[in-house]
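Here is the structure we will look at.
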Amino acid sequence: MADFETVIRNAHVATASDTFRCDIGIAGGRIAALGARLAAGHREIDAGGRWVLPGGIDTHCHLDQPMADGVEFADDFRSGSISAAHGGTTTIVPFAAQQPGGSLRAAVEDYHRRAAGKPVIDYAFHLILADPSERVLGQELPALVRDGYTSFKIYMTYEGLKLNDRQILDVLAFARREGAMTMVHAENSDCIGWLTEKLEQAGRTSPYYHAVSRPAAVEREGTHRAITLAELIDVPILIVHVSGLEAVEQIRWAQSRGLRIYGETCPQYLFLTADDLDKPDFEGAKCVCSPPPRDKASQQAVWNGLASGVFQVVSSDHAAFRYDDPKGKKAAGTRAPFAKIPNGVPGIETRLPLLFSEGVGKGRIDINKFVALASTNAAKLYGLYPRKGTIAIGSDADLAIWDDSTDITITQSLLHHNCDYTPYEGMTIRGWPTTVLSRGEVVVENGALNAEPGRGQFLRCDLPAPARPAGTAYGRLVEELRA
Ligand code: DUC
Ligand code: ZN
Ligand code: ZN
Numbered sequence: 017m018a019d020f021e022t023v024i025r026n027a028h029v030a031t032a033s034d035t036f037r038c039d040i041g042i043a044g045g046r047i048a049a050l051g052a053r054l055a056a057g058h059r060e061i062d063a064g065g066r067w068v069l070p071g072g073i074d075t076h077c078h079l080d081q082p083m084a085d086g087v088e089f090a091d092d093f094r095s096g097s098i099s100a101a102h103g104g105t106t107t108i109v110p111f112a113a114q115q116p117g118g119s120l121r122a123a124v125e126d127y128h129r130r131a132a133g134k135p136v137i138d139y140a141f142h143l144i145l146a147d148p149s150e151r152v153l154g155q156e157l158p159a160l161v162r163d164g165y166t167s168f169k170i171y172m173t174y175e176g177l178k179l180n181d182r183q184i185l186d187v188l189a190f191a192r193r194e195g196a197m198t199m200v201h202a203e204n205s206d207c208i209g210w211l212t213e214k215l216e217q218a219g220r221t222s223p224y225y226h227a228v229s230r231p232a233a234v235e236r237e238g239t240h241r242a243i244t245l246a247e248l249i250d251v252p253i254l255i256v257h258v259s260g261l262e263a264v265e266q267i268r269w270a271q272s273r274g275l276r277i278y279g280e281t282c283p284q285y286l287f288l289t290a291d292d293l294d295k296p297d298f299e300g301a302k303c304v305c306s307p308p309p310r311d312k313a314s315q316q317a318v319w320n321g322l323a324s325g326v327f328q329v330v331s332s333d334h335a336a337f338r339y340d341d342p343k344g345k346k347a348a349g350t351r352a353p354f355a356k357i358p359n360g361v362p363g364i365e366t367r368l369p370l371l372f373s374e375g376v377g378k379g380r381i382d383i384n385k386f387v388a389l390a391s392t393n394a395a396k397l398y399g400l401y402p403r404k405g406t407i408a409i410g411s412d413a414d415l416a417i418w419d420d421s422t423d424i425t426i427t428q429s430l431l432h433h434n435c436d437y438t439p440y441e442g443m444t445i446r447g448w449p450t451t452v453l454s455r456g457e458v459v460v461e462n463g464a465l466n467a468e469p470g471r472g473q474f475l476r477c478d479l480p481a482p483a484r485p486a487g488t489a490y491g492r493l494v495e496e497l498r499a
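Those letters in the sequence shown? Residues 17 to 499, by our numbering.
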């Protein structure tokens with residue numbers, strides 16, 4: 017009888033800290049042994065000396081979120097998770113969004129219904145906190161945190177979602193008390209509103225002006241303010257989808273002062289610029305996202321921030337809207353002013369191949385940093401580690417075997433999302449995960465799906481690492497009140 021369900025032979029393993037060659041023995045969906053010449057497996061996979069890396073964790077993606085105005089996300093939990101798996105991702109964490117004035121619990125229940133029977137890989141939920149009332153912060157949210165929803169996103173912009181500074185302080189104080197993680201969308205809403213109005217009055221409404229309406233200074237100010245509010249409460253926060261130089265500088269400055277400010281960026285800020293929004297015939301709408309892509313100098317600043325440790329996470333912020341679709345980018349017509357174009361780009365499948373090829377392949381980051389950014393750090397920040405995010409005895413056997421010997425030209429027909437375009441069309445990269453395992457089951461085999469929708473399991477997140485001793489007067493007061 018075989019000792020293991022599956023053995024992966026001749027693996028070139030990298031974790032966030034180590035690189036080694038071994039066989040990987042899998043039993044009960046978990047990694048049971050790492051070593052040379054392991055006993056036989058019921059199933060044997062020869063990695064042939066290729067990289068075997070922890071499956072990616074995409075902790076910022078939007079799937080099947082309810083939208084207003086007849087707009088629909090392209091991907092649900094089925095197509096989104098299939099697309100993710102084909103790109104080497106084995107865990108996704110999309111958002112259950114509270115409706116203004118609505119119950120968070122209801123949002124979570126609705127989101128579980130949307131997921132039911134669909135994901136091919138494991139998933140957890142962040143919450144979107146649109147209305148942090150006393151009832152929500154005092155009753156609903158503590159219970160949800162205990163149930164495994166330990167992170168939430170808050171917005172400084174977008175009508176119906178944005179919180180003012182006082183509300184943000186309430187949320188951060190809650191996060192500190194509970195040990196939860198707050199993700200912040202940092203852009204100054206009034207500046208965006210004012211600039212948008214002026215641009216519209218001047219007739220400058222094509223997709224390109226989306227980028228003009230949200231300049232780097234607007235993100236820099238939001239980022240600085242979020243840092244200040246977090247410092248006041250003495251609580252960690254994660255600034256999401258950081259687009260470029262100026263916000264990177266703010267985060268680096270905060271980190272250099274010893275503040276626990278974490279940074280996330282996304283491929284659109286490494287590979288797109290504002291010029292991509294300037295394509296003719298409304299094509300620029302395909303790259304409308306917030307914050308907008310910036311310029312070459314900002315791309316370089318983001319690469320530098322990845323290499324130097326300013327960023328902990330690279331996520332996709334996959335928010336796919338179909339282009340040729342009245343429920344997608346063209347919902348308000350092709351002459352619609354930029355402010356009416358649904359925000360977001362697809363990228364759940366291309367996230368890791370792009371980072372691998374242009375990061376590891378081009379020597380900008382090493383393989384261990386790649387694993388940290390793609391998987392391990394997110395698992396730690398959101399309470400999924402060490403079940404997810406590493407290759408270690410006892411961890412879930414979520415693994416991706418990478419082929420880094422073949423050039424691939426990214427094109428829409430290669431991808432598995434339900435969007436009708438990719439912003440990276442025509443880009444040639446080297447490196448793609450060809451075989452992907454989730455809890456020991458091969459879900460993608462030589463590039464083909466081998467998984468039933470619904471096999472993905474919901475993950476309750478633990479609290480992230482416990483807070484360190486209070487450093488500020490307010491932090492000490494919160495500690496006292498807890499005692
Ligand atoms: N910006 C967001 O904040 N969320 C979804 C997509 C986007 O562009
Ligand atoms: Zn956002
Ligand atoms: Zn987002």
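From the three backbone atoms N, C-alpha and C, an ideal C-beta is built for every residue, glycine too.
The model shown is predicted, which means the values in this text are computed figures rather than measured ones.
Note down the Cα distance separating residue 136 from residue 26, rounded to an integer number of angstroms. On the sequence shown, residue 136 is found 120 positions in, with the first residue counted as 1. On the sequence shown, residue 26 is found 10 positions in, with the first residue counted as 1. Residue 136 and residue 26: Cα-Cα distance of roughly 27 Å.
Given residue 474 as reference, the closest of 250, 58, 107, 298 once Cα atoms are compared: Within the sequence shown, the letter at position 458 stands for residue 474. Out of 250, 58, 107, 298, 107 has the C-alpha closest to the C-alpha of residue 474.
Just list the alpha helix (DSSP H) runs in the stretch 89-165, keeping only unbroken ones of 4 residues or longer that don't cross its boundaries, in chain order. The alpha helix (DSSP H) runs of length 4 or more contained entirely in the stretch 89-165 are, from start to end of the chain, 93-102, 120-131, 157-162.
Using a threshold of 8 Å, state whether the C-beta atoms of residue 133 and residue 362 are closer than that. Counted from its first residue, the sequence shown places residue 133 at position 117. Counted from its first residue, the sequence shown places residue 362 at position 346. No, Cβ-Cβ distance for residue 133 and residue 362 is not below 8 Å.
CB of residue 98 within 8 Å of CB of residue 68, strictly: Here the question's residue 98 lines up with position 82 in the sequence shown. Here the question's residue 68 lines up with position 52 in the sequence shown. Using a Cβ distance threshold of 8 Å, residue 98 and residue 68 do not count as a contacting pair.
For the alpha helix (DSSP H) that residue 242 lies in, which residues bound it at each end? Sequence index remark: in the sequence shown, residue 242 carries index 226 (1-based). According to the DSSP assignment, residue 242 belongs to the alpha helix (DSSP H) that extends over 232-249.
For residue 278: DSSP bridge partner residues: Residue numbering aside, residue 278 sits at position 262 when the sequence shown is read from its first letter. According to the DSSP secondary-structure assignment, residue 278 is paired through a beta bridge with 254.
First and last residue of the beta strand (DSSP E) that includes residue 171? On the sequence shown, residue 171 is found 155 positions in, with the first residue counted as 1. Run containing residue 171: 167-171, per the beta strand (DSSP E) assignment.
So, residue 229 versus residue 354, is the Cβ gap smaller than 8 Å? Position 213 of the sequence shown, counted from the start, is the residue given in the question as residue 229. Position 338 of the sequence shown, counted from the start, is the residue given in the question as residue 354. Yes, the Cβ-Cβ distance between residue 229 and residue 354 is below 8 Å.
Please classify residue 499 as buried or exposed, where buried requires at least 16 other C-beta atoms within 10 Å of its C-beta. As a working mapping, residue 499 is identified with position 483 in the sequence shown. Note that residue 499 scores a pLDDT of 49, beneath 50, so its modelled location is shaky and nothing firm can be said.
Assuming the contact rule is C-beta atoms closer than 8 Å, residue 453 and residue 414 should be a hit. Round their C-beta distance to whole Å, please. Position 437 of the sequence shown, counting from 1, holds the residue named residue 453. Position 398 of the sequence shown, counting from 1, holds the residue named residue 414. Residue 453 to residue 414, Cβ: 7 Å. Contact.
Cβ neighbour criterion (16 or more within 10 Å) applied to residue 493: Walking along the sequence shown from the start, residue 493 turns up at place 477. Flag for residue 493 reads exposed.
If you compare alpha carbons, which of 37, 188, 173 is closest to residue 166? As a working note, residue 166 is residue 150 in the sequence shown. Put simply, of 37, 188, 173 the residue whose alpha carbon is nearest the alpha carbon of residue 166 is 188.
Based on the DSSP output, what are the partners of residue 80 in its beta bridges? Taking the first residue of the sequence shown as position 1, residue 80 is located at position 64. None; residue 80 has no bridge partner.
Residue 267, enclosing alpha helix (DSSP H) - first and last residue: On the sequence shown, residue 267 is found 251 positions in, with the first residue counted as 1. Per DSSP, residue 267 belongs to the alpha helix (DSSP H) from 261-272.
If I measure Cβ to Cβ from residue 402 and keep anything under 8 Å in the same chain, skipping five residues before and after, which residues do I get? Reading the sequence shown from its first residue, position 386 is the one you call residue 402. So the list reads 395, 408, 410, 411, once near-sequence residues are dropped.
Bridge partners - residue 205, DSSP secondary structure assignment: As a position in the sequence shown, residue 205 is number 189, starting the count at 1. For residue 205, which the question treats as bridged, DSSP gives no partner whatsoever.
Examine the Cβ distances between the stretch 232-244 and the stretch 193-213 and report whether three or more of them are shorter than 8 Å. Yes, the stretch 232-244 touches the stretch 193-213.
Please confirm whether any heavy atom of ligand 2 lies closer than 7 Å to the CB of residue 257. The count along the sequence shown starts at 1 and reaches residue 257 at position 241. Yes - ligand 2 has a heavy atom lying nearer than 7 Å to the Cβ of residue 257.
Once the 5 residues before and after residue 158 are set aside, which same chain residues still bring their CB inside 7 Å of it? Your numbering for residue 158 matches position 142 in the sequence shown. Cβ neighbours of residue 158 beyond the five flanking positions: 194.
Since residue 13 is in the alpha helix (DSSP H), which residue starts that stretch and which ends it? Past the edges of the chain, shown from 17 to 499, lies residue 13, and the structure says nothing about it.
Suppose you measure from the CA of residue 163 to the CA of residue 104; what does that come to, to the nearest Å? In the sequence shown, residue 163 corresponds to position 147, counting from 1. In the sequence shown, residue 104 corresponds to position 88, counting from 1. Cα to Cα, residue 163 sits roughly 28 Å from residue 104.
Hey, which unbroken runs of the beta strand (DSSP E) at 3 residues or more fall wholly within the stretch 428-464? Listed in chain order, the complete beta strand (DSSP E) runs (minimum 3 residues) inside the stretch 428-464 are 444-454, 457-461.
Closest to residue 288 by CA distance: which of 169, 316, 463 is it? For this step, residue 288 is matched to residue 272 along the sequence shown. Among 169, 316, 463, the Cα nearest to that of residue 288 is on 316.
Considering only the beta carbon of each residue, do residue 335 and residue 305 sit closer than 8 Å? Position 319 of the sequence shown holds residue 335. Position 289 of the sequence shown holds residue 305. Against a cut-off of 8 Å, the Cβ pair of residue 305 and residue 335 comes out as a contact.
Beta strand (DSSP E) containing residue 39: first to last residue? Looking up residue 39 in the sequence shown gives position 23. Taken as a continuous stretch (DSSP letters only), the beta strand (DSSP E) holding residue 39 covers 35-43.
Bridge partners for residue 345 per DSSP, in chain order? As a first step, residue 345 is located in the sequence shown; it is residue number 329 there, counting from the start. Bridge partners of residue 345: none, in fact.
Measure the CB-CB distance between residue 185 and residue 253 and report whether it falls below 8 Å. Mapped onto the sequence shown, residue 185 falls at position 169. Mapped onto the sequence shown, residue 253 falls at position 237. No, the pair does not count as a contact, with Cβ atoms beyond the cut-off.
I need the straight-line Cα distance from residue 32 to residue 297, nearest angstrom please. Stepping through the sequence shown from its first residue, residue 32 is reached at position 16. Stepping through the sequence shown from its first residue, residue 297 is reached at position 281. Cα to Cα, the separation comes out at about 44 Å.
Taking its Cβ as the centre, do 16 or more other Cβ atoms sit within 10 Å of residue 180, making it buried, or is it exposed? On the sequence shown, position 164 is the one that residue 180 refers to. So residue 180 ends up on the exposed side.
Relative to ligand 3, is the shortest distance from any of its heavy atoms to the C-beta of residue 333 smaller than 7 Å? As a position in the sequence shown, residue 333 is number 317, starting the count at 1. A distance criterion of 7 Å places the beta-carbon of residue 333 in contact range of ligand 3, judged by its closest non-hydrogen atom.
Leaving out five residues on either side along the sequence, give the residues of the same chain with a beta carbon under 7 Å from the beta carbon of residue 62. Looking up residue 62 in the sequence shown gives position 46. Only 25, 26 meet the Cβ criterion.
So what's residue 397 in DSSP terms, helix, strand or just coil? Against the sequence shown, residue 397 aligns to sequence position 381. When DSSP states are grouped into helix, strand and coil, residue 397 belongs to the helix group.
N- and C-terminal bounds of the alpha helix (DSSP H) containing residue 184: Residue numbering aside, residue 184 sits at position 168 when the sequence shown is read from its first letter. First-last of the alpha helix (DSSP H) with residue 184: 181-194.
Contact check, residue 270 vs residue 243, beta carbons under 8 Å: Start at 1 with the first residue of the sequence shown, and residue 270 comes out as number 254. Start at 1 with the first residue of the sequence shown, and residue 243 comes out as number 227. Residue 243 sits close to residue 270, with the two beta carbons spaced by under 8 Å.
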